[in-house]
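J.: Got a structure here, written out as structure tokens. Questions coming.
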């Protein structure tokens, strides 16, 4: 391997970033470079002969989780393990922070190079989820009574403890960003902002939260796969969707993270997008 150096990037490095030949015509990283080099995010660059040839970084969520990403490589230098070298460095930098308990990466299932890098730096596959998005789910409602909204904080925490904390599950914290569940994800502020609903028999619940990525979404979290077998579920989602659009005064897509596409009703309005695979460190440091 050629001689190289690694350092933290700042917004002043934007021209160096743009000089890389990545083959990406419309790179969102360039558009939000300032945000990715400050605040909750860190970016690092690998240089050789004073030329920036690879970048990677991480963003901190819930004050405890570091999600790796922004891996870019100059095509003229690929095949020399620079991406793996840099990502390994970024991983260790994140783990060295005392407040970080977990480090991982979430990438599209078909992105073989990125998955190989994450595996090569010692991260393990932890979950695979499929994105399903729809502009309107009212056609799935068939006249059942919507579920009752939960307002008691203890009941909300009880459901989260049963379905995620005790089960050792992965919680979809934001669109594109699931994490192994710990109490850090379920702050009082989140529980007050997220809306919880429970069925009449007290055997099922769901929660909704508004998230903005490329557009705004009503992010629905339902911890089971029986979407087609729970009276009132779709009525509840449809009602929450309408209320949220009225609240924001803008259109929202309904977003679900599902394990398998066949969990949805046979006739559904969802666009099935990419399957994403989560990699991460085993266990949670300090937990």
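In the working numbering, the protein residues as written are 638 to 924. Quick reminder that beta carbons are idealized off the backbone N, C-alpha and C, glycines included.
Judging by CA-CA distance, which residue of 651, 667, 670 is the nearest neighbour of residue 688?
T.: For the purposes of this step, residue 688 is taken as the residue at position 51 of the chain shown. Among 651, 667, 670, the Cα nearest to that of residue 688 belongs to 651.
J.: Looking only at its chain, what residues have a beta carbon closer than 6 Å to the beta carbon of residue 775, apart from the 5 residues adjacent to it on each side?
T.: To locate residue 775, count along the chain shown from 1; it is residue 138. Once the five neighbours on either side are set aside, the close Cβ partners of residue 775 are 875.
J.: Per the contact definition of three or more C-beta pairs closer than 8 Å, is the stretch 845 to 853 in contact with the stretch 805 to 818?
T.: Touching, yes, given that three or more Cβ pairs across the two stretches are closer than 8 Å.
J.: Does the Cβ-Cβ distance between residue 700 and residue 646 come in under 8 Å?
T.: Within the chain shown, the letter at position 63 stands for residue 700. Within the chain shown, the letter at position 9 stands for residue 646. Not a contact, by the Cβ cut-off of 8 Å.
J.: Pull the bridge partners of residue 833 from the DSSP assignment, please.
T.: As a first step, residue 833 must be located in the chain shown, where it is residue number 196. Answer is 787, 844, bridged to residue 833.
J.: Would you give the residue range spanned by the beta strand (DSSP E) that residue 688 belongs to?
T.: Taking the first residue of the chain shown as 1, we reach residue 688 at position 51. Unbroken beta strand (DSSP E) run through residue 688: 688 to 698.
J.: Can you confirm whether the stretch 731 to 745 touches the stretch 753 to 770 when touching is taken to mean that 3 or more C-beta pairs between the two stretches lie within less than 8 Å?
T.: Yes: the two stretches touch, three or more of their Cβ pairs being nearer than 8 Å.
J.: Along the alpha helix (DSSP H) that carries residue 908, what are the first and last residues, could you check?
T.: Working through the chain shown from its first residue, we reach residue 908 at position 271. That residue, residue 908, is in no alpha helix (DSSP H); its beta strand (DSSP E) goes 908 to 917.
J.: Quick check on DSSP: helix, strand or coil for residue 874?
T.: Position 237 of the chain shown, counted from the first residue, corresponds to residue 874. In this structure, residue 874 counts as helix in the three-state DSSP scheme.
J.: What are the start and end residues of each continuous alpha helix (DSSP H) run of 4 or more residues lying completely inside the stretch 683 to 758, in chain order?
T.: Complete alpha helix (DSSP H) runs here, min 4: 719 to 732, 749 to 757.
J.: Measure the Cβ-Cβ separation of residue 761 and residue 665 and say whether it is below 8 Å.
T.: As a position in the chain shown, residue 761 is number 124, starting the count at 1. As a position in the chain shown, residue 665 is number 28, starting the count at 1. Contact: no.
J.: Can the beta-carbon of residue 767 be found closer than 8 Å to that of residue 877?
T.: For the purposes of this step, residue 767 is taken as residue 130 along the chain shown, with counting starting at 1. For the purposes of this step, residue 877 is taken as residue 240 along the chain shown, with counting starting at 1. Going by C-beta atoms, residue 767 is not nearer than 8 Å to residue 877.
J.: If residue 823 and residue 786 are in contact, beta carbons under 8 Å, what's the gap, nearest whole angstrom?
T.: Reading the chain shown from its first residue, position 186 is the one you call residue 823. Reading the chain shown from its first residue, position 149 is the one you call residue 786. Residue 823 to residue 786, Cβ: 18 Å. No contact.
J.: In this structure, does DSSP put residue 796 in helix, strand or coil?
T.: By one-based count along the chain shown, residue 796 stands at place 159. In this structure, residue 796 counts as helix in the three-state DSSP scheme.
J.: From residue 799 to residue 890, what does the alpha carbon distance come to, in whole angstroms?
T.: For the purposes of this step, residue 799 is identified with residue 162 of the chain shown, where counting begins at 1. For the purposes of this step, residue 890 is identified with residue 253 of the chain shown, where counting begins at 1. Approximately 28 Å between the Cα atoms of the pair.
J.: Buried or exposed: where does residue 804 fall if 16 or more other Cβ atoms within 10 Å of its Cβ makes it buried?
T.: As a first step, residue 804 is located in the chain shown; it is residue number 167 there, counting from the start. Burial call: exposed.
J.: Quick one, which of 783, 714, 725 has its alpha-carbon nearest residue 706's?
T.: The residue you call residue 706 lines up with position 69 of the chain shown. Residue 725 is the option with its Cα nearest to residue 706.
J.: Please identify the residue among 654, 660, 676, 677 whose C-alpha is closest to the C-alpha of residue 667.
T.: Start at 1 with the first residue of the chain shown, and residue 667 comes out as number 30. Selected option, being the one with the closest Cα: 654.
J.: If you follow the alpha helix (DSSP H) that residue 895 is in, where does it begin and where does it stop?
T.: What you label residue 895 is simply residue 258 of the chain shown in a count that begins at 1. Where residue 895 is concerned, there is no enclosing alpha helix (DSSP H), although the beta strand (DSSP E) it sits in stretches over 890 to 895.
J.: If we call anything under 8 Å between Cβ atoms a contact, is residue 778 one with residue 871?
T.: Stepping through the chain shown from its first residue, residue 778 is reached at position 141. Stepping through the chain shown from its first residue, residue 871 is reached at position 234. It is a contact, given that the beta carbons lie within the stated cut-off.
J.: For residue 667, name the three-state secondary structure that DSSP assigns.
T.: Here residue 667 is taken as the residue at index 30 of the chain shown, counted from 1. Three-state result, residue 667: helix.
J.: What is the residue span of the beta strand (DSSP E) that residue 653 lies within?
T.: Indexing the chain shown from 1 puts residue 653 at position 16. Where residue 653 is concerned, there is no enclosing beta strand (DSSP E), although the alpha helix (DSSP H) it sits in stretches over 651 to 655.
J.: Check the C-beta distance from residue 821 over to residue 907 and give it rounded, since I have them as a contact under 8 Å.
T.: Sequence index remark: in the chain shown, residue 821 carries index 184 (1-based). Sequence index remark: in the chain shown, residue 907 carries index 270 (1-based). Rounded, the Cβ-Cβ distance is 30 Å, inconsistent with contact.
J.: For residue 729, count the other beta carbons within 10 Å of its own beta carbon; 16 or more makes it buried, fewer makes it exposed. Which is it?
T.: In the chain shown, counting from the first residue as 1, residue 729 sits at position 92. When all chains shown are included, residue 729 counts as exposed.
J.: Which same chain residues, not among the five before or five after residue 759, have their C-beta less than 7 Å away from its C-beta?
T.: For the purposes of this step, residue 759 is identified with residue 122 of the chain shown, where counting begins at 1. For residue 759, where only same-chain residues beyond five positions count, there are no Cβ hits under 7 Å.
J.: If the criterion is Cβ atoms closer than 8 Å, does the pair residue 783 and residue 839 meet it?
T.: For the purposes of this step, residue 783 is taken as the residue at position 146 of the chain shown. For the purposes of this step, residue 839 is taken as the residue at position 202 of the chain shown. No, these two residues do not count as a Cβ contact at 8 Å.
J.: Straight-line CA distance for residue 715 to residue 660?
T.: Numbered from its first residue, the chain shown carries residue 715 at position 78. Numbered from its first residue, the chain shown carries residue 660 at position 23. If I take the Cα positions, the gap works out to 12 Å.
J.: Considering only the alpha carbon of each residue, which of 825, 873, 888, 644 lies closest to residue 674?
T.: Taking the first residue of the chain shown as 1, we reach residue 674 at position 37. Comparing Cα positions, the closest option is 644.
J.: Report whether the distance from the Cβ of residue 783 to the nearest heavy atom of the ligand ATP is below 7 Å.
T.: For the ligand ATP, the structure offers nothing, since it holds no ligand at all.
J.: Please identify the residue among 828, 732, 879, 817 whose C-alpha is closest to the C-alpha of residue 788.
T.: Counted from its first residue, the chain shown places residue 788 at position 151. Cα-wise, what sits closest to residue 788 is 828.
J.: Between residue 841 and the rest of its own chain, which residues show a CB-CB distance below 6 Å, the 5 nearest in sequence each way excluded?
T.: By one-based count along the chain shown, residue 841 stands at place 204. These residues qualify, in order along the chain: 867.
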